[in-house]
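Report on the following structure.
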């Protein structure tokens with residue numbers, strides 16, 4: 026006989042096992058009570074561990090067997106073969122009522138697998154696929170009382186079917202009213218009415234993650250309609266073409282005009298833009314922001330004029346500042362931004378291929394030292410003669426755990442081009458003298474040159490502190506032939522965490 030646990034204990038166990046479907050399946054077999062609490066967790070997100078085609082087919086069969094009579098008749102009238110569906114066998118649970126996480130692209134994939142098996146052909150009728158998706162939307166919205174997570178991304182372009190279901194099924198309003206996590210990557214370049222329809226019934230999204238060409242008026246409408254939006258992630262969907270494909274700018278007039286209609290969002294604490302233009306004038310609307318991540322990858326370029334509004338933002342609660350760019354950055358602007366908003370910064374990442382004003386590397390380090398006493402992670406540029414500024418940063422940022430340094434150069438060329446070596450010895454001497462016990466990792470990016478003696482002194486200092494250090498450097502770095510021997514020696518003494526095969530971390 027299995028030991029009895031009180032209900033509170035069981036609930037806690039199943040909360041921990043929520044994402045472990047294998048263990049949950051085992052729990053079902055313990056007894057009736059365990060089964061009663063495990064089943065809702067399993068069917069909350071049934072596609073989580075259902076990548077295998079056979080599992081997806083079984084899932085669709087289970088759901089179709091519970092379809093209402095009307096839906097089954099529609100399928101039969103349109104040539105569907107339901108002979109493999111056990112319609113007369115009653116279910117112990119109403120599985121669809123337990124659904125809380127709907128990922129449409131996974132639903133489509135499962136339906137596709139079932140159609141291939143049912144019709145014994147990989148040539149699937151688009152009409153039959155869309156008809157079954159439509160019936161599933163009807164089934165889900167009428168049977169599931171609430172969805173908390175919705176990924177509306179569609180592989181087969183069923184956005185119009187979802188929109189129609191939202192607008193024409195009365196129960197959809199209740200079902201979707203509590204969605205707190207919404208994702209959508211538009212894989213087709215046609216205008217859809219999904220966002221306006223969703224904006225009318227859903228006002229409780231806390232996390233919004235979308236991929237599209239630019240900030241559209243429909244997306245702004247969706248954002249503005251939320252009451253307590255915590256996270257906004259917008260990235261360019263590279264499967265879609267810009268209206269002006271010859272433009273090298275991330276910006277477009279429509280993008281800028283639509284962006285300006287964004288309302289103030291004091292609840293938003295996380296903002297991320299990836300390869301899609303974000304006008305800096307909007308930052309003051311996110312006054313309580315804690316994390317700002319701009320990933321200006323792709324062909325987009327931010328001009329100095331487009332960056333200057335950063336200096337008008339007052340983000341006193343900002344804890345993470347992350348900026349990566351394959352084009353030019355202006356360290357003067359970032360330095361002043363840190364002076365204005367760096368009091369609570371814990372992580373700073375500034376990564377770029379081109380630095381327009383390399384001489385301001387010291388200004389950036391000094392700004393961090395003056396303002397960011399709580400800093401724990403720094404990744405950014407430094408010049409080989411910035412010893413004074415680095416010393417000041419290390420002395421003032423006593424909580425610094427991770428230090429990742431890239432040489433400030435006018436142009437960081439491709440790895441296939443012979444690099445210009447920049448010496449790290451003097452900077453390493455500063456780290457040796459000043460680094461605190463909190464420093465746990467040193468990472469050198471790009472083409473530094475290290476001499477053996479300064480590196481040995483650095484490791485000896487860590488040995489005296491009795492604090493191990495993780496060390497990582499690019500394979501392109503120039504070092505002494507005895508470098509690896511020294512690393513292995515200190516690795517044996519548990520002072521250095523080092524992988525000698527590629528001069529990187531484990």
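In this note's numbering, the protein residues as written are 26 to 531.
Glycine included, C-beta positions come from ideal geometry on N, C-alpha and C.
- Close CB contacts of residue 297 within its chain, under the 6 Å cut and outside five residues either way in sequence, are with 258 and 318 (chain order).
- Contact annotation: residue 256 and residue 236 have beta-carbon atoms that are not nearer than 9 Å.
- Judged by DSSP in its simplified three-state form, residue 179 adopts coil rather than helix or strand.
- Residue 244 holds the alpha-carbon nearest to the alpha-carbon of residue 209 among 202, 88, 229 and 244.
- In this structure, residue 447 keeps its C-beta atom at 9 Å or more from the C-beta atom of residue 404.
- Considering only 299, 70 and 193, the residue with the shortest C-alpha distance to residue 326 is 299.
- Comparing alpha-carbon positions, the option among 308, 333, 455 and 509 lying closest to residue 339 turns out to be 308.
- Where residue 311 is concerned, there is no enclosing alpha helix (DSSP H), because DSSP gives it neither an H nor an E.
- Cβ-Cβ distances below 7 Å link residue 483 to 453, 456 and 457 in the same chain, with the five nearest sequence neighbours on each side left out; the list follows chain order.
- Annotation: the continuous beta strand (DSSP E) that includes residue 353 extends over 345-354.
- Taking the CA atoms as reference points, residue 314 sits about 33 Å from residue 459.
- Inclusion of residue 186 and residue 207 in the CB contact set at 9 Å is not warranted, their separation being larger than that value.
- Straight through space, the alpha carbons of residue 342 and residue 372 are spaced by roughly 13 Å.
- For residue 473, the three-state secondary structure derived from DSSP is strand.
- For residue 204 against residue 175, the beta-carbon gap comes to about 5 Å, under 8 Å, which counts as contact.
- Looking at 158, 379, 64 and 354, the one whose alpha-carbon comes closest to that of residue 96 is 158.
- Spanning the alpha carbons of residue 470 and residue 427 requires a straight line of approximately 13 Å.
- The C-beta distance from residue 363 to residue 392 rounds to 4 Å, short enough to fall under 8 Å.
- In the structure shown, residue 446 adopts coil according to DSSP, grouped into three states.
- The residue among 507, 462 and 475 with its C-alpha nearest the C-alpha of residue 486 is 462.
- Residue pairing from DSSP leaves residue 384 without any beta-bridge partner.
- Per DSSP, the unbroken alpha helix (DSSP H) holding residue 221 starts and ends at 219-226.
- When secondary structure is reduced to three states using DSSP, residue 487 falls in the helix class.
- Following the DSSP letters along the chain, one finds residue 92 in no beta strand (DSSP E), marked with neither H nor E.
- In this structure, the CA atom of residue 241 is about 11 Å from the CA atom of residue 221.
- Contact annotation: residue 109 and residue 87 have beta-carbon atoms that are not nearer than 9 Å.
- In the DSSP assignment, residue 261 falls within the unbroken beta strand (DSSP E) covering 256-261.
- In the three-state scheme derived from DSSP, where H, G and I count as helix and E and B as strand, residue 199 is classed as helix.
- Within the model, the alpha-carbon separation for residue 488 versus residue 520 is close to 6 Å.
- Nearest C-alpha to residue 94 among 56, 164 and 219: 164.
- No Cβ-Cβ contact shorter than 9 Å links residue 510 with residue 449.
- The shortest CA-to-CA distance from residue 180 to any of 146, 133 and 493 is the one to 133.
- In this structure, residue 370 sits away from residue 355, with a CB-CB distance that is not shorter than 9 Å.
- Residue 302 is classed as buried because its beta carbon has at least 16 other beta carbons within 10 Å across all chains shown.
- Each residue's CA atom was taken as its position, placing residue 475 and residue 422 some 25 Å apart.
- Residue 201 is positioned such that its CB atom lies closer than 9 Å to that of residue 166.
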